[in-house]
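Single-structure report; data block below.
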Amino acid sequence: MTDNIPDTMHAVVLTGHGGLDKMEFHRDWPVPVPGPDDVLIRVAACGLNNTDVNTRSAWYSKGNSDATTGDALAGAEGDDGTWGGASVSFPRIQGADAVGTVVSVGESAEQSLIGQRVMIDGWLRDWDDPLNRSKAGYFGSECDGGYAQYTKVSHRQVHPIHTAMSDAELATFACSYVTAENMLNRAAVTAGDTVLVTGASGGVGSALIQLANRRGAECVALCSADKVDDVKAIGPSAVIDRGCADLGSALLEAMGKDSVDVVADVVGGALWPQLISALVRGGRYTCAGAIAGPMVEFDLRTFYLRDLTFTGATVPPPGVFEDLVGYIERGEIRPLLAATYPLEELHAAQQAFIDKRHVGNIVTEPFPPATSRTHA
Ligand SMILES: NC(=O)c1ccc[n+]([C@@H]2O[C@H](COP(=O)([O-])OP(=O)(O)OC[C@H]3O[C@@H](n4cnc5c(N)ncnc54)[C@H](OP(=O)(O)O)[C@@H]3O)[C@@H](O)[C@H]2O)c1
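Mapping the sequence shown onto my numbering, position 31 (from 1) lands on 52, and the numbers just tick up by one.
This is how it looks when you write it as structure tokens:
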């Protein structure tokens, strides 16, 4: 390490499954020491995501069947509390969407990375078997992440980025946009497809709109009534209030047709049967989340009689992150930064994220400039 890297840092540490009180702010947490393949990053900003909320509350546990609320969940177990179905080891620093500057590198990592502004691809892989999804882990879940002043990660996961966007803006992208692009790839979305996007005001949903548009598909977005105008500004062809009585009629009114080629869903829950009914014969359903509830009513007849294709989307193949960096650098997508919070205020930031009065994403800053706060 170089001389100006401190021994201790500010970090938010998750101490176990439960409520927000399980996230503790420390001023004297040890700065990580990079291994031979790692780089050490001075974190400038780190975006929020639902994996953090779901892991903290043990929402992923098969003992839970409720919507995401962020509360500690009765019946959920700690031994299957991560996205991958394994247990988490505590203490754990969460936070997947870190952006920062490389300040030192391990002996086998590229020296030229020092001083570069980088985004982090959150997917930990076995680099001798990178396509093997069962060997994948996630930054901030299976290893410490970005809710700290410094973090370490394999040099293979850092991507230098050249853009005028701020660090906080860049920290809105990684998890949501890689997930959304992977969903569109899995559903083979191309120009001419009509894609119905759920949760369209959120991180993945707003990414789906932008990324489907950039490949020439047409989007129809579902969101709550008070966010319709903000979601329209992201660029879908039509926006439908998710409280509508009948989705088919709402589609007909908004689009002049009552069916779509693709449903890209991160919400699930009570509306799910109507999402499936809205698919054309031969349509594709792709899913990466179930924020309104993972247990849905599934009529197998609709599935097979309509020749539907279903894809789940979580671990993307290598290459999706590199594509995302290109879209950002060429200005093909834009950030939707709703608010920034000092890292010290992660409880308030995560509560705002759970309350969902925002559009886009919320970001923390571990070295906040005095003028940086953008929330009230
Ligand atoms: N598989 C993966 O790798 C992966 C990666 C990222 C995210 N995810 C999952 O995908 C889901 C969405 O993630 P995100 O980051 O986009 O979340 P987000 O930013 O929190 O957005 C979710 C959106 O869903 C809508 N929503 C919330 N509660 C709802 C409810 N009860 N019923 C209907 N809509 C509701 C909200 O919009 P409106 O109120 O406007 O409808 C909200 O903006 C989460 O479950 C997350 O865990 C999975």
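Even for Gly, the Cβ is constructed at its ideal location relative to N, Cα and C.
Keep in mind that this is a model prediction, so the values were computed, not measured.
Q: With a floor of 3 residues, list each beta strand (DSSP E) that falls wholly inside the stretch 284-358, ordered by position along the chain.
A: Along the length of the stretch 284-358, whole beta strand (DSSP E) runs at least 3 residues long occupy 300-308, 330-333, reported in chain order.
Q: Take S298 and list the residues in its own chain whose beta-carbon comes closer than 7 Å to its own, dropping the five residues that flank it on each side.
A: G269, T323
**Q.** Status (buried if at least 16 other CB within 10 Å, exposed otherwise) for M22
**A.** Only weak support is given to the placement of M22: the predicted model assigns it a pLDDT of 48, under 50, and the value that follows is read from those uncertain coordinates. The residue is exposed, with fewer than 16 neighbouring Cβ atoms inside 10 Å.
Q.
For V252 and E239, I'd like the C-alpha separation in whole angstroms.
A. 14 Å
**Q.** Given 8 Å, three or more beta-carbon pairs between the stretch 24-36 and the stretch 97-112
**A.** Yes, they touch.
(Q) Within a Cβ cutoff of 7 Å, which residues of the same chain sit near V199, ignoring the five residues on either side of it in sequence? (A) P337, V341, F342, L345
Q | Cβ-Cβ separation, S125 to I135 (assumed contact under 8 Å), whole Å | A | 7 Å
Q) beta strand (DSSP E) containing N382: first to last residue? A) 382-386
Q) Since C265 contacts A271 with CB under 8 Å, what's their CB separation in whole angstroms? A) 4 Å
**Q.** Which residues DSSP lists as bridging V218, in chain order
**A.** A242, A285
Q: Pull up the distance between the alpha-carbon of F46 and that of E365, whole angstroms please.
A: When rounded, the distance between both Cα atoms is 6 Å.
Q: Can you check DSSP and say which residues form a bridge with H180?
A: DSSP, once it has assigned bridges, lists M140 as partnering H180.
Q. Any idea if S227 is buried or exposed, counting beta-carbon neighbours within 10 angstroms, 16 or more meaning buried?
A. Looking at its Cβ environment, which holds 16 or more other Cβ atoms inside 10 Å, S227 is buried.
Q) Taking Cβ to Cβ, would you say V120 is nearer than 7 Å to A192? A) yes
**Q.** Helix, strand or coil at V74 according to DSSP, with G and I counted as helix
**A.** Helix at V74.
Q | 7 Å Cβ cutoff met for T72 and A189 | A | no
**Q.** Among T307, G143, G106, nearest to L217 - alpha-carbon criterion
**A.** Residue T307 is the option with its Cα nearest to L217.
**Q.** N-terminal and C-terminal residue of the alpha helix (DSSP H) that R269 is part of
**A.** Checking the sequence shown, residue 269 turns out to be Gly, not Arg. Where G269 is concerned, the enclosing alpha helix (DSSP H) stretches over 268-276.
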